[in-house]
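Residue numbers (the numbering used here): 240 to 449.
Backbone N, C-alpha and C fix where the C-beta goes; we use that ideal spot for every residue, glycine too.
Read through the structure below, which is laid out as structure tokens, and then see the notes.
Printed below as a string of structure tokens:
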């Protein structure tokens, strides 16, 4: 009931009814795995400079169904963030205007659930843009792979530490490493984590609404 109230409220705030498809019933057994490279870790003030996403359908990563785009920042990318994501100003010379990029992303995602590693950050920073452009936060359900992984670990007590670093999860699940801090590669690796864990954790415990 509460979920329906939020849905109706979001629809009422939608500026452009062309985006009503975001509230459609999600296609069965389809997900979008997503990752953003950003200028910093504060969704309120930092910007997205790259988005990578890939579709999962019927327990397979559909490589031909991928999304990879650079966004034009409003100001010069600082040197500290370049050390992390390796995206230089020259790489952004032909980047897409943020509004165009976000519209393309929404079309790619549709109403599918979104998977990610610490996905709440990605959802929050994308929602900064969607609130500006279409009036609402990204309404899709989201799935956090680190929470899925946590639920698979047997612990002697509820206080036992579980290492949830991305590299640790990858290593323990025996997943091959692609180039890191590349949005599309990170999305693909996260998709592989999800598929490894999908049947080990109850789906209903890994979904979150925003």
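The alpha helix (DSSP H) enclosing residue i, as first and last residue numbers
i           : result
residue 407 : 405-411
residue 259 : Where residue 259 is concerned, there is no enclosing alpha helix (DSSP H), given that its DSSP letter is neither H nor E.
residue 252 : 241-252
residue 421 : Where residue 421 is concerned, there is no enclosing alpha helix (DSSP H), given that its DSSP letter is neither H nor E.
Integer Cβ distance of residue i from residue j, believed to fall under 8 Å
i           : j           : result
residue 379 : residue 353 : 5 Å
residue 291 : residue 426 : 4 Å
residue 339 : residue 431 : About 30 Å; that fails the 8 Å criterion.
residue 418 : residue 424 : 5 Å
residue 370 : residue 282 : About 11 Å separates the two Cβ atoms, so there is no contact after all.
residue 433 : residue 382 : 7 Å
residue 246 : residue 262 : 6 Å
residue 258 : residue 345 : 6 Å
Distance, residue j Cα to residue i Cα
i           : j           : result
residue 285 : residue 330 : 18 Å
residue 436 : residue 387 : 7 Å
residue 275 : residue 310 : 10 Å
residue 271 : residue 313 : 27 Å
residue 267 : residue 277 : 31 Å
residue 445 : residue 351 : Unreliable placement is indicated for residue 445, whose pLDDT of 37 sits below 50; the coordinate value is still reported in the next sentence. Using only the alpha carbons, I get a separation of about 15 Å.
residue 384 : residue 405 : 10 Å
residue 361 : residue 396 : 31 Å
residue 420 : residue 428 : 11 Å
residue 375 : residue 250 : 8 Å
residue 298 : residue 413 : 18 Å
residue 324 : residue 377 : 24 Å
residue 308 : residue 322 : 20 Å
residue 400 : residue 359 : 22 Å
residue 316 : residue 393 : 43 Å
residue 341 : residue 391 : 34 Å
residue 415 : residue 254 : 43 Å
residue 373 : residue 334 : 21 Å
residue 343 : residue 402 : 35 Å
residue 363 : residue 295 : 22 Å
residue 422 : residue 289 : 6 Å
residue 337 : residue 318 : 21 Å
residue 273 : residue 241 : 27 Å
Residue i - containing beta strand (DSSP E), residue span
i           : result
residue 309 : 299-309
residue 315 : From DSSP, residue 315 is part of no beta strand (DSSP E); its letter is neither H nor E.
residue 289 : 287-296
residue 277 : 269-277
Can you give, in chain order, each stretch of the beta strand (DSSP E) that sits fully within the region 349-385 and has at least 3 residues?
353-355, 381-383
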